[in-house]
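J.:
Protein chains: 2
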Amino acid sequence: MADITEISDTRSRILDAAERLFMEHGLEATTLRMITAEAQANIAAVNYHFGSKEALIEELFRRRLTWLNEQRLAELDRLEKAAGDEPVKPRLIVEAFFGVAIRMAADTEGGGRNFMRLLSRTYTEPAAFVKNFLAEEYAEVLARFKAAFFKALPDVPKEEFLWRFHFMLGAMSYAVSGADAIKVVGEDKLDLDSDRETDALYARLMSFLIGGLRAPLPETPAKQAKKPQKKAA
Amino acid sequence: MADITEISDTRSRILDAAERLFMEHGLEATTLRMITAEAQANIAAVNYHFGSKEALIEELFRRRLTWLNEQRLAELDRLEKAAGDEPVKPRLIVEAFFGVAIRMAADTEGGGRNFMRLLSRTYTEPAAFVKNFLAEEYAEVLARFKAAFFKALPDVPKEEFLWRFHFMLGAMSYAVSGADAIKVVGEDKLDLDSDRETDALYARLMSFLIGGLRAPLPETPAKQAKKPQKKAA
DNA sequence: AAGGGTTTCAAACAACTGTTTGAGACATGA
DNA sequence: TCATGTCTCAAACAGTTGTTTGAAACCCTT
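Below, the structure is given as structure tokens:
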């Protein structure tokens, strides 16, 4: 009768509604009553289908995150196979990791955009169970990409690269939070929804990330004891 | 008797406790009872001294943010005076804006570090009153720095720069959230508390930011891929 | 038609939220 | 000493939170 994908209509309506509301109000500020109201379901449905609010959150992240990271790994596989024994070019690794995310953030109808913005904010979420869940969910893909980067950038100290990777994640996080947050910087709301703007954002972020990744290494700061002062007045 | 600065002991104890707890658990998840318990004050003290939880939050951000932005403006004044009619070099503007923040984040004893990490997370906070408050609080300093950047980077389209500024904020945000978040990327917890590590972080972030800011402009994506129209670099 | 497993529902649960109250403690100046 | 304004306190407030309950409705196979 029903599609196999459509296990439970209520279940996915709850997930969709929760995704939208979590991104709009945050995890804590979104109540189960708000979610079930928007999903046109009973309050008890959440605990029936998922067990608890925490479990709902984890399931919500899982269904998108596994797909996202599978895409990333597949892309990396492709690149490594094509490169043979040679290291993959850093730019291509960056595009594999961040490009998939940006492309997902471009999907406005399917909710991918909502999710990416939610995920970006959640990265710095203080709740312990979220932290642990994300760390576990990311473990494999991060290990693979780190290894690829190490191989591609033998001249960059590993610790230095880890920080730069961290910075890149921050830049991407703000990139996908996009139009809402940028009004703090620019007065005009930018239209992220159109395809053209998405392509522009992709190009902009990539330029910025590669520029940062390939920037000259800082002077080794272990030597100097005092804070770096202005060089010229 | 008491210092003039020490208007009310309870008042500042509450602010300090709130700052620490907000950063540890987030704005929503931190309750007034948690705050007053840590501050060894009565629950009613918050509403007596501040009026409401929202007012407490605003006051908490105000007391540090005004100082932070005053420092930034003073630094920019100094740079512009020294440069005369010439535009200030981009690197110096970046250091003025982000350097102050990183230095504040290095202050572990005075709570500056806690605050900067809290501020970084709050940037993408969905709560409307926080958004409006931050936008207002940042308006002047952002206008001044944007103008300085525009003058210093006449060849970079304004919209392009605004995005790069946005990306830079994201990188800094993740930089100061630091050791807790980086464990997602690197397995080793980095020691951000020592002076040496702070200097290293400063140098690392600056290299990355300048690298991203001065990266080659992306090929103009406004036109479709049909015509790879060359930009006037 | 009957049965059994799955899903929905209104209602209630205890615990917790920010806020208010009114009485009391405290300090200061006349 | 008394009066006055500032501050603290235990207690209660009304409202909301996530979760549970037990009965009803539904669906599908027998």
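Taken in sequence, the protein lines are chains A and B.
Heads up: the first sequence begins at 1 in our numbering, then just goes up one per residue.
Heads up: the second sequence begins at 234 in our numbering, then just goes up one per residue.
Beta carbons: idealized from backbone N, C-alpha and C, even for Gly.
None of these values were measured; they are calculated from a predicted model.
1. Tell me, please, whether the CB atom of B/Ala-251 is closer than 7 Å to any CB atom in chain A?
2. For B/Pro-359, name the three-state secondary structure that DSSP assigns.
3. Smallest Cα separation from B/His-282: which of B/Met-439, B/Gly-444, B/Ala-448, B/Arg-244?
4. Where do the ends of the alpha helix (DSSP H) carrying B/Val-279 lie?
5. Taking the straight line between their C-alpha atoms, what separation do you get for A/Ala-240 and B/Met-439?
6. In three-state DSSP terms, what is B/Thr-341?
7. Output, in chain order, the set of chain A residues within a Cβ distance shorter than 8 Å of B/Ala-307.
8. Roughly how many angstroms separate the alpha carbons of A/Val-156 and A/Glu-75, rounded to a whole number?
9. Tell me the rounded alpha-carbon separation between B/Arg-253 and B/Leu-351.
10. Just verifying my parser: in three-state terms, what is the DSSP assignment at B/Lys-391?
11. Starting from the C-beta of A/Asn-42, find all residues in its chain whose C-beta is less than 7 Å away, skip the five residues before and the five after it, and write them out in chain order.
12. Let me make sure I understand the geometry here. Which of A/Glu-159, A/Pro-90, A/Ala-147, A/Glu-80 has the alpha-carbon closest to that of A/Leu-213?
13. Between B/Arg-354 and A/Thr-124, how many whole angstroms is the CB-CB distance? I'm expecting something under 8 Å.
14. Terminal residues of the continuous alpha helix (DSSP H) containing A/Asp-85?
15. Would B/Phe-441 count as contacting chain A if we go by Cβ distances under 7 Å?
16. Apply the 10 Å Cβ neighbour rule to B/Leu-402 and answer buried if 16 or more other Cβ atoms are within range, or exposed otherwise.
17. Exposed or buried, what is A/Gly-26 when buried is set at 16 or more other beta-carbons lying within 10 Å of its beta-carbon?
18. Ends of the alpha helix (DSSP H) at A/Ser-12?
19. Under 7 Å Cβ-Cβ, which residues of chain B neighbour A/Ser-52?
20. Cβ atoms of B/Arg-397 and A/Phe-97: under 7 Å apart, would you say?
21. Roughly how many whole angstroms lie between the Cα atoms of B/Gln-273 and B/Asp-242?
22. If I follow the unbroken alpha helix (DSSP H) through B/Arg-266, where does it start and stop?
23. Hey, would you say A/Ala-215 sits closer than 7 Å to B/Gly-444, going by beta carbons?
24. Closer than 9 Å by beta-carbon distance: list the chain A residues that pair up with B/Pro-390, in chain order.
25. With a cut-off of 8 Å, do at least 3 Cβ pairs link the region 374-384 of chain B to the region 293-307 of chain B?
26. Which chain B residues sit within Cβ distance under 9 Å of A/Thr-124?
27. Give the C-beta separation of B/Leu-298 and B/Ala-334 to the nearest angstrom, bearing in mind that I take them to be a contact with Cβ-Cβ under 8 Å.
28. For A/Pro-218, count neighbouring C-beta atoms within 10 Å of its own C-beta (all shown protein chains included) and say buried if the count is 16 or more, exposed if not.
29. Looking only at its chain, what residues have a beta carbon closer than 8 Å to the beta carbon of A/Lys-158, apart from the 5 residues adjacent to it on each side?
T.: Straight from the coordinates:
1. Here the question's residue 251 of chain B lines up with position 18 in the second sequence. Not an interface residue.
2. Counting from 1 along the second sequence, the entry for residue 359 of chain B is found at position 126. Looking at B/Pro-359 - three-state DSSP - the assignment turns out to be coil, as it is neither helix nor strand.
3. Against the second sequence, residue 282 of chain B aligns to sequence position 49. The residue among B/Met-439, B/Gly-444, B/Ala-448, B/Arg-244 with its C-alpha nearest the C-alpha of B/His-282 is B/Arg-244.
4. Taking the second sequence and counting its residues from 1, one reaches residue 279 of chain B at position 46. B/Val-279 -> alpha helix (DSSP H) spans 277-282.
5. Outside the modelled stretch of chain A, which goes from 1 to 233, sits residue 240 of chain A, for which no answer is possible.
6. Start at 1 with the first residue of the second sequence, and residue 341 of chain B comes out as number 108. Coil at B/Thr-341, not helix or strand.
7. Numbered from its first residue, the second sequence carries residue 307 of chain B at position 74. Within 8 Å Cβ-Cβ: nothing; B/Ala-307 doesn't reach chain A, min ~13 Å.
8. Here residue 156 of chain A is taken as the residue at index 156 of the first sequence, counted from 1. Here residue 75 of chain A is taken as the residue at index 75 of the first sequence, counted from 1. Going by C-alpha positions, A/Val-156 is about 23 Å away from A/Glu-75.
9. Start at 1 with the first residue of the second sequence, and residue 253 of chain B comes out as number 20. Start at 1 with the first residue of the second sequence, and residue 351 of chain B comes out as number 118. Looking at the two C-alpha atoms, the distance is approximately 9 Å.
10. Taking the first residue of the second sequence as 1, we reach residue 391 of chain B at position 158. When secondary structure is reduced to three states using DSSP, B/Lys-391 falls in the helix class.
11. Position 42 of the first sequence, counting from 1, holds the residue named residue 42 of chain A. Cβ within range, chain order: Thr-36.
12. The residue given as residue 213 of chain A occupies position 213 in the first sequence. Taking only the C-alpha atoms, the option nearest A/Leu-213 is A/Pro-90.
13. Here residue 354 of chain B is taken as the residue at index 121 of the second sequence, counted from 1. Here residue 124 of chain A is taken as the residue at index 124 of the first sequence, counted from 1. That pair is a contact at about 5 Å.
14. In the first sequence, residue 85 of chain A corresponds to position 85, counting from 1. Premise fails: A/Asp-85 is in no alpha helix (DSSP H) and is neither H nor E.
15. Locating residue 441 of chain B in the second sequence gives position 208, where the first residue counts as 1. Among the residues facing chain A, B/Phe-441 is included, as its CB has a counterpart in that chain under 7 Å away.
16. Within the second sequence, residue 402 of chain B is the residue found at index 169, counting from 1. B/Leu-402 should be labelled buried.
17. Taking the first residue of the first sequence as position 1, residue 26 of chain A is located at position 26. Around the beta carbon of A/Gly-26, a 10 Å sphere encloses 16 or more other beta carbons of the protein chains shown; the residue is thus reported as buried.
18. Sequence index remark: in the first sequence, residue 12 of chain A carries index 12 (1-based). Under the DSSP assignment, A/Ser-12 falls in the alpha helix (DSSP H) whose first and last residues are 9-25.
19. Here residue 52 of chain A is taken as the residue at index 52 of the first sequence, counted from 1. Those do not exist, as A/Ser-52 stays about 16 Å from chain B at its closest Cβ, beyond 7 Å.
20. The residue labelled residue 97 of chain A in the question sits at position 97 within the first sequence. The residue labelled residue 397 of chain B in the question sits at position 164 within the second sequence. Contact flag unset, no.
21. Taking the second sequence and counting its residues from 1, the one referred to as residue 273 of chain B is at position 40. Taking the second sequence and counting its residues from 1, the one referred to as residue 242 of chain B is at position 9. If I take the Cα positions, the gap works out to 11 Å.
22. For the purposes of this step, residue 266 of chain B is taken as the residue at position 33 of the second sequence. Where B/Arg-266 is concerned, the enclosing alpha helix (DSSP H) starts and stops at 265-271.
23. Taking the first residue of the first sequence as position 1, residue 215 of chain A is located at position 215. Taking the first residue of the second sequence as position 1, residue 444 of chain B is located at position 211. Closer than 7 Å, so yes.
24. As a working note, residue 390 of chain B is residue 157 in the second sequence. Per Cβ cutoff of 9 Å: no residues; B/Pro-390 is ~10 Å from chain A at best.
25. Output reads yes: the region 293-307 of chain B touches the region 374-384 of chain B.
26. On the first sequence, position 124 is the one that residue 124 of chain A refers to. Simply Arg-350, Ser-353, Arg-354, Thr-357, Ser-406, Tyr-407, Ser-410, Asp-413, Ala-414.
27. Working through the second sequence from its first residue, we reach residue 298 of chain B at position 65. Working through the second sequence from its first residue, we reach residue 334 of chain B at position 101. Actually they are not in contact, since the Cβ atoms of B/Leu-298 and B/Ala-334 sit about 11 Å apart, beyond 8 Å.
28. Within the first sequence, residue 218 of chain A is the residue found at index 218, counting from 1. Label assigned to A/Pro-218: buried.
29. Within the first sequence, numbered from 1, the residue matching residue 158 of chain A stands at position 158. Excluding the 5 residues flanking it on each side, A/Lys-158 has same chain C-beta neighbours closer than 8 Å at Phe-150, in chain order.
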